[in-house]
Structure formats: structure tokens, C-alpha cells
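Chains as they are written, first to last, in this note's numbering: chain R, 373 to 775; chain Z, 373 to 775.
See below:
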């Protein structure tokens, strides 16, 4: 299962076309032509999904039942073991001015090679009235994990809607002493992060070089540890996850799949897609199911970067060709977790393309991988929750009900 | 409603086509061309159905609520009246070696004309610690019905997965004294069946003639009597069933439909399809709804017999032509209960073709009856539970909700 994050789009106002229609993606086109295609309503018609809820749905977990927030999945993705009652948050290294107005939500896409390992150390030395762990994830991404009792995931995000706006003060989203306590802890952490980071030599040097300093940690997606059924128990397939970003790795860890690390994956257009393709092919040797996630297509969509999205699609397409050339007797499923409108810079609920390639079902007349061609797909329009049962049947693993 | 059992298929690896694509079926093609078509997910996307659960779903019963096993429907199909608490099993005349390894699961397709009437008699004389009835059904098919209290349907099948394997010892599938008792009774019946059959003169003669002796009874599909709402009460249509095999007849009996016997139906490629077509046309005189089931297409699929499946499709097609020529003001619905892959020899969850012919709804651009053409069908892809409401509306019987 190859999830190309935010692959599909709407018609771009300046181009009259979608990025998939403009990109040169011969391998994805061939896959769509030879395979069986359709549209997937990941959460349901008109329901906008995050990457977290979308991946839960795609893997057959009901996000309405199990989702507690993005934080826990992100934290699990860094290798931290989550216990019931813990509260986890996704964070960013970011840049604020002296009045805590957000200048860059990624501190200029700061990465570990630029010194965030040192930041991680001092951010674990802040005094908080709770046991906690702060850990770097990929690039500017990081996580905060609060342990113990009396905590709540019902608190708002520090990250405002847009750059230029002031950070949100953390407040409870539901009444309760636990949410108040958790808000106080988080506000303290954010203030202290600014105090220990703003005059750090690495940041002073960045400012001198015209780069954004990573002078604050902003949080979002707070949530308590969710309960997720083991993937093998659920589908009777030994699963592996090949992913760069913590969210997807975390989902792998939390569902008991093997999480395969690809050190050269960046989560951006420049990611080492081929290395991920190779890792996935290798994983197929001793797994029944491999989830290969690529993030590099979604990031430029959020940045409203049309050319970047096209470049990412074309680089992913090379990897798709490699995968197609190196499998036998394998069903390949290609989809997006959600559509991302590059004009809007955000996810939409438009159904995502879905391609099954390598099975024995009758192919349809789809000739290439675009949003429009999917309208003719033989699978028509199916729901996210039906995808895993469909895969089980297509690989002749489905149990028969009745005789 | 004409159900062509296991009609649809996947792409055959040796042919690059499906049996429907290879068969010469001008009448079915004309029906698809003139009618309104689509795909039916009988139990849901990716959910593999047996013929029993499939027919329940098609007739508007929720198999997840009412299905207890294939046995009761098969037993009802022989005319036995089922009482609450009884346990029913579908059986086969079969051939085993001295170590109870299965040689032929049908005793070489043995039929009543070859002497199973005599077997039926002696199989009712076995001493069991429960009241029971053994009855022949169609060809090698037969049933066992246990009456009384303290019985359970939660026991495994005697029939192993494949010929060549040893029969399964009957064991409870759920813990409980009732399932243990039922297992003991069934093991005794199976052993005794071998004792009374193996040296029977008919079997000794079969062996001499190089035929498989019917030297054991193997059971499967154990289940307690289900509760099924009366078909007329449910849909306000007087219903009739024209079927050869016991399963479908039993469903007719248990839902209070008139079950029309066609003595020349065999359940195989050689069945008298035309006699069934005539019986259905006749039944339309005094019924609102006729279910015409043909089994002959599914059996060769299970036997991985491509040519046999094509022959069966072509013979069914002649009958379809007869039916089309002899109805007026009648909606004809053609579908499969499930797809059967002739390469796999088993059911798959691929949606089945669905054709509505003779109604006034706007036809689509489907030009023939194949799996691929159905992708363009105007009905798109609908669920099994929606079929009866659709039929009610197409025949102008649907109740309006609202004003």
C-alpha cells in the first residue's frame, strides 16, 4: 500500500488543471491503465480528514472510536512508549517575535544537522510539575510527552491558524480541572522554551546568517494515549511501515507493525523516495503487508507551491516504476490519504484516487492517474473502511461468511 | 429475479478473459444493453459471501442477524419442518478410504437413480441418542436433522478443506455441554454411516464398475433453526421459488414462499434450465415475485472447469431468451449471488453484475453482460440490502416516506 500524501488536488485557478494532470508520471499512469481504479472517501463523502484520521481509516480503524489526537501518534513515532493516561503533543520548532507573534511555523525548515540535537537536550531540563520528555522527530518536527495521572488531552493548540498571528495561549477545550492543569503545564513549557532558546548561540548565529531562529516550541494535537488493536490480530497479516514522518511511524508502532527506518527520508520534496521504495521491496520478503508512506507531495501543497508538488509527484513516480519492476505476485494499492488543494493550502474532502494493480480482477477503462480519470473507475466510489476488506479479498485472504 | 449462481469471475490466468467474456450469450447481452445495469456488493465491499448468506441479503434479510448456518436452509429444502432448537446439517454422500481419508466429496456425483434411495432408508435406522431424520436432497447432496433440546449448532464440519485429507472429527467450535453432546452424536452417525454403507451391494457394484462408492456421510454447516420473517409480510409480494438445490428451496420454505419443484433440475451443467424457465413463467401467473435460481454455473467454477462454466452460461442464456420472450409488464432482474473465481475454485467478494430489464427507468450505455461493462452501469455500485427496495420501486410498489 503506497500512500502518496495529499497527491490529489482541485483545479488550480492559475492553470485550469490539477498537479496530477500537469505532472509527467508515466509509471503511475501505467498502473492506473493496467489496474482497477476508483475513488475513496476516506472518512466519508464531504468529510475532511487529517493525515492521522485518514491513515487510521485506511488501515481499518474507526477514527471516530479510537482517535484521541495527533500527538500520541507523533510521540509514538519517536520511539517513546506510551502508557494509558499519558498526554502527548506534536510540536514544531518555530520562530516568534518578542510579542509571541508567529514568524515561521517551521523555523525555516530547521533540521537536526542545524543543531536541534542540542536544543532537545536543554528542552528536557525545563522544570515542570510533571514528568515529561521532549524529543526531536523529523526536521523541524518534535514532540512533547507528559506522563502521569490527572492530565487531559482536551486543550487547544499553541499554533495559530496563520503565520503573522500571535501564538494561542493554551486553554482547556472542555471544562475540567485536568485540562486546566495541563494547560498551565503547557503554557509554562512554551514560555520556558522561548527563554532557553532565544539567546542560544545556534540561534544567534542563524539570525546573523539571515535564517529564522528556532526560538520557541509550539504545540498542537494534544491527546491521551489511544487504544489501537494490533494490526496482525485485526487482519492476520504481518505488517511493516516504511515512513519518514513520525505520525505514520507512530501509527506503525502503536498497531504493532515493524517500523522500518529510512535515514535519508526527509518528509519533503527532496526526500529519498528511491530508498523508501527499496526498503519496501525488501520488507515484502518477510511481511504480508507493507505500508509505504511518502509525505513529500503534501508539504508543497500546504505551502501553495505548485511546482514543488509537481516535482514531488514526478520523483515519487520514479520510485513507483522501481516498485512495479521489483514485485511479483503482489497486489499494489496506490492512494492518497486525502486530497490537498494547493490553492487553499489545506486538505479537502474530495475523494482520493485509488488504484489496485497486480490482482486478477477485471481492469477498467481508466487510462491514467488523474482525478478525472478516476470517475470512470470500475471500483466506483468506496469508503475508507472498506479498503482493508477489499485488499484481503483481492489477495485471497478474506474469510467467507456463509457456505 | 434470476440468480445465476457464481456467474461472474475474475480474469482467467490462462485466457486473459472471464468466462462471461468468452461465452456466447446473446440474450443476456441484449438484456444488459436494453436494461439498467450495475454492480452489487451482496454483503458489502470486500466481504465474501456463501450462497446462503448471499441469498438472504438479496432477499432483504440481514444475514448478520438471522444466519445460523447452511444446514437449516438445506434441511428445510427437503421439506422437513424445522422447530426452534433443532439442529440441521448439510451432508454429502462421499467416498473415504479405510483410514477415513476423503477420496471424493461427492462419491463421483452419485445421484438418486444410482440407488441413494436405498441408502436413505438404512441411514435412518442408525441408533442415535436423539430423534433424527436423514434425507436425500439433490444428487449427492443430503441432510441430517436432529430434533429436541440440549443440541447446539456450534460444531465443526466433518468435510475437510481438500480431497486427500482425513475427515475432521466433529468438535465444538464454542465451549459448552450442548456442543459436546452434538459432536458425539455426529461422530457416531458418521462412523455408523460408513459401517452400514461400505459393504452395501450397491457400493460393491460401483467399485466393480470403477465408480466411487458412497461409503460415508460427511456433514457441514450445522446450525440451529433461524427465525426468518415471512416474505409476504416483509415485502407485500406473493413469492415463489424455482430452484433445484435444497439451500434455495429451503430459503423459500422458511420464508413462506411457494416452492416449485422442477424434477429435471440437477444443480449441474446438465440441468434442465428450460424447464425452470417455463416453471418461472407459469409461476408469474399467480405470484408477484418469482426467484429463479440456477446452480449450474457455480459448480464448474468450483471444479475449476472453464469450459463447463461457459457451457452452463450458454445453456442458461437460452433459458433467458425464452423468459424474455414470454413476459410482459414484468421487471426481470438478473444477478449472481456472488462471484466465483474458476482459477481459485472459490467465491470472491468482487461485486456481481446486476441487470434490471423491463422497467421504465432510463437505460445506460452498457452494451453486454460482462464484468467490465458493468463498470459503466447507471446503477453504479449498490449494496445487497438495497436490492429489494429497488425492485419495489421499479415495480411501483414502494411506500412513500413523507408526503
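Backbone N, C-alpha and C fix where the C-beta goes; we use that ideal spot for every residue, glycine too.
{"Query": "Run the CB neighbour count on residue 521 of chain R, radius 10 Å, all protein chains shown included, and call it buried at 16 or more, exposed below.", "Result": "exposed"}
{"Query": "What is the DSSP secondary structure of residue 709 of chain R, counted as helix, strand or coil?", "Result": "coil"}
{"Query": "8 Å is my cut-off, CB to CB: does residue 624 of chain Z come that close to chain R?", "Result": "no"}
{"Query": "Using beta-carbon positions only, say whether residue 527 of chain Z and residue 558 of chain Z come within less than 8 Å of one another.", "Result": "yes"}
{"Query": "Is the shortest distance between the beta-carbon of residue 415 of chain Z and the beta-carbons of chain R less than 8 Å?", "Result": "yes"}
{"Query": "List, in chain order, every chain Z residue whose beta-carbon is nearer than 7 Å to that of residue 660 of chain R.", "Result": "Per Cβ cutoff of 7 Å: no residues; residue 660 of chain R is ~16 Å from chain Z at best."}
{"Query": "Assuming residue 481 of chain Z is part of the alpha helix (DSSP H), what are its boundary residues?", "Result": "Looking at the DSSP string, residue 481 of chain Z is not in any alpha helix (DSSP H), and its letter there is neither H nor E."}
{"Query": "Name, please, each residue of chain Z whose Cβ falls closer than 8 Å to the Cβ of residue 771 of chain R.", "Result": "420"}
{"Query": "According to DSSP, is residue 503 of chain R helix, strand or coil?", "Result": "strand"}
{"Query": "For residue 645 of chain Z, is the classification buried or exposed, using 16 other Cβ atoms within 10 angstroms of its Cβ as the cut-off for buried?", "Result": "buried"}
{"Query": "For chain Z, find out if any of its Cβ atoms is closer than 8 Å to the Cβ of residue 325 of chain R; answer yes or no.", "Result": "Past the boundaries of the shown model lies residue 325 of chain R; chain R is included only from 373 to 775, so the question cannot be answered."}
{"Query": "Could you tell me whether the Cβ atoms of residue 618 of chain Z and residue 641 of chain Z are closer together than 8 Å?", "Result": "no"}
{"Query": "Does DSSP put residue 595 of chain Z in a helix, in a strand, or in coil?", "Result": "strand"}
{"Query": "Does the Cβ-Cβ distance between residue 712 of chain Z and residue 422 of chain Z come in under 8 Å?", "Result": "no"}
{"Query": "Do residue 702 of chain Z and residue 664 of chain Z come within 8 Å of each other at the CB atom, strictly closer than that value?", "Result": "no"}
{"Query": "Taking a Cβ distance cut-off of 9 Å, strictly less, list which residues of the region 734–753 of chain Z are near chain R, in chain order.", "Result": "742, 743, 744, 746, 747, 748, 752, 753"}
{"Query": "Mind listing, in chain order, the continuous alpha helix (DSSP H) runs of no fewer than 4 residues lying wholly within the region 583–629 of chain Z?", "Result": "603–607, 618–626"}
{"Query": "According to DSSP, which residues form a beta bridge with residue 752 of chain R?", "Result": "R:410"}
{"Query": "Taking the straight line between their C-alpha atoms, what separation do you get for residue 548 of chain R and residue 717 of chain Z?", "Result": "60 Å"}
{"Query": "Exposed or buried, which one is residue 623 of chain Z when buried takes at least 16 other CB atoms within 10 Å?", "Result": "buried"}
{"Query": "Which residues mark the beginning and the end of the alpha helix (DSSP H) in which residue 761 of chain Z is found?", "Result": "759–766"}
{"Query": "With residue 781 of chain Z and residue 392 of chain Z assumed to form a contact (beta carbons below 8 Å), what rounded beta-carbon distance in angstroms separates them?", "Result": "Outside the modelled stretch of chain Z, which goes from 373 to 775, sits residue 781 of chain Z, for which no answer is possible."}
{"Query": "Quick check on the DSSP output: what are the complete alpha helix (DSSP H) runs of length 4 or more inside the region 421–469 of chain R, in order along the chain?", "Result": "423–430, 435–438, 442–449"}
{"Query": "Scan the region 432–453 of chain R for residues whose Cβ lies nearer than 9 Å to a Cβ of chain Z and list them as they occur along the chain.", "Result": "none"}
{"Query": "Is residue 357 of chain R helix, strand or coil when you go by DSSP?", "Result": "Absent from the structure is residue 357 of chain R, since the part of chain R shown begins at 373 and ends at 775."}
{"Query": "What is the C-beta distance between residue 756 of chain R and residue 408 of chain R, in whole angstroms, given that I count them as a contact (C-beta under 8 Å)?", "Result": "Going by Cβ atoms, the distance from residue 756 of chain R to residue 408 of chain R rounds to 17 Å, so no, they are not a contact pair."}
{"Query": "For the region 505–535 of chain Z, which segments carrying the beta strand (DSSP E) assignment without a break, of at least 3 residues, lie completely within its bounds, in sequence order?", "Result": "513–519"}
{"Query": "Looking only at its chain, what residues have a beta carbon closer than 7 Å to the beta carbon of residue 740 of chain Z, apart from the 5 residues adjacent to it on each side?", "Result": "401, 404, 405"}
{"Query": "Within 8 Å, do at least three Cβ pairs link the region 749–767 of chain Z to the region 432–450 of chain Z?", "Result": "yes"}
{"Query": "Check this for me: beta carbons of residue 551 of chain Z and residue 544 of chain Z, under 8 Å apart or not?", "Result": "yes"}
{"Query": "Can you list, in chain order, the residues of its chain with a C-beta nearer than 7 Å to that of residue 753 of chain Z? Leave out the 5 residues immediately preceding and following it.", "Result": "410, 411, 413, 723"}
{"Query": "Is residue 336 of chain R close to chain Z, meaning its C-beta is less than 8 Å from at least one C-beta of that chain?", "Result": "Coverage of chain R is limited to positions 373 through 775, which leaves residue 336 of chain R absent and any answer about it impossible."}
{"Query": "Residue 593 of chain Z versus chain R: which residues are under 7 Å apart at the beta carbon?", "Result": "775"}
{"Query": "Counting contacts by CB-CB distance shorter than 8 Å, is residue 761 of chain R in contact with chain Z?", "Result": "yes"}
{"Query": "Which two residues bound the contiguous alpha helix (DSSP H) that contains residue 682 of chain Z?", "Result": "678–697"}
{"Query": "Using 8 Å as the threshold, is the C-beta distance between residue 614 of chain R and residue 586 of chain R below it?", "Result": "no"}
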